[in-house]
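J.: One structure coming up, written as structure tokens, with questions to follow.
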Amino acid sequence: MFDNGNDVLPGTYSLTVVINDHQIDGQRIIFKKTSNDKFEAVFSCDTLKNWGIAIE
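Numbering follows full-length UniProt numbering, with no gaps: position 29 of the sequence shown is 29.
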């Protein structure tokens, strides 16, 4: 799994998120496997809006 450049296993992690130098501690981030055998973080629209990210 790590031979393909993946540095995280699928699952839910408590992480610190930094957006424009603003630190948001203790965020539960889900990582899921994609169709090309990579792992990506999954964010809901509500989570992104709460972080101040414009969703259109």
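Note that CB positions come from ideal geometry on N, CA and C, so glycine has one too.
Determine the direct distance from the alpha carbon of I29 to that of T16, and round the result to whole angstroms.
T.: To locate residue 16, count along the sequence shown from 1; it is residue 16. To locate residue 29, count along the sequence shown from 1; it is residue 29. Their Cα atoms are separated by approximately 9 Å.
J.: Could you pull the start and end residues of the beta strand (DSSP E) that D25 belongs to?
T.: As a position in the sequence shown, residue 25 is number 25, starting the count at 1. From DSSP, the beta strand (DSSP E) with D25 extends over H22 to K33.
J.: For L9, name the three-state secondary structure that DSSP assigns.
T.: Taking the first residue of the sequence shown as position 1, residue 9 is located at position 9. Reduced to three states, the DSSP call for L9 is coil.
J.: From W51 to K32, what does the alpha carbon distance come to, in whole angstroms?
T.: The residue you call residue 51 lines up with position 51 of the sequence shown. The residue you call residue 32 lines up with position 32 of the sequence shown. Cα to Cα, the separation comes out at about 21 Å.
J.: Could you give the distance in angstroms between the alpha-carbon of F43 and the alpha-carbon of T12?
T.: Residue numbering aside, residue 43 sits at position 43 when the sequence shown is read from its first letter. Residue numbering aside, residue 12 sits at position 12 when the sequence shown is read from its first letter. Answer to the nearest angstrom: the Cα atoms are 12 Å apart.
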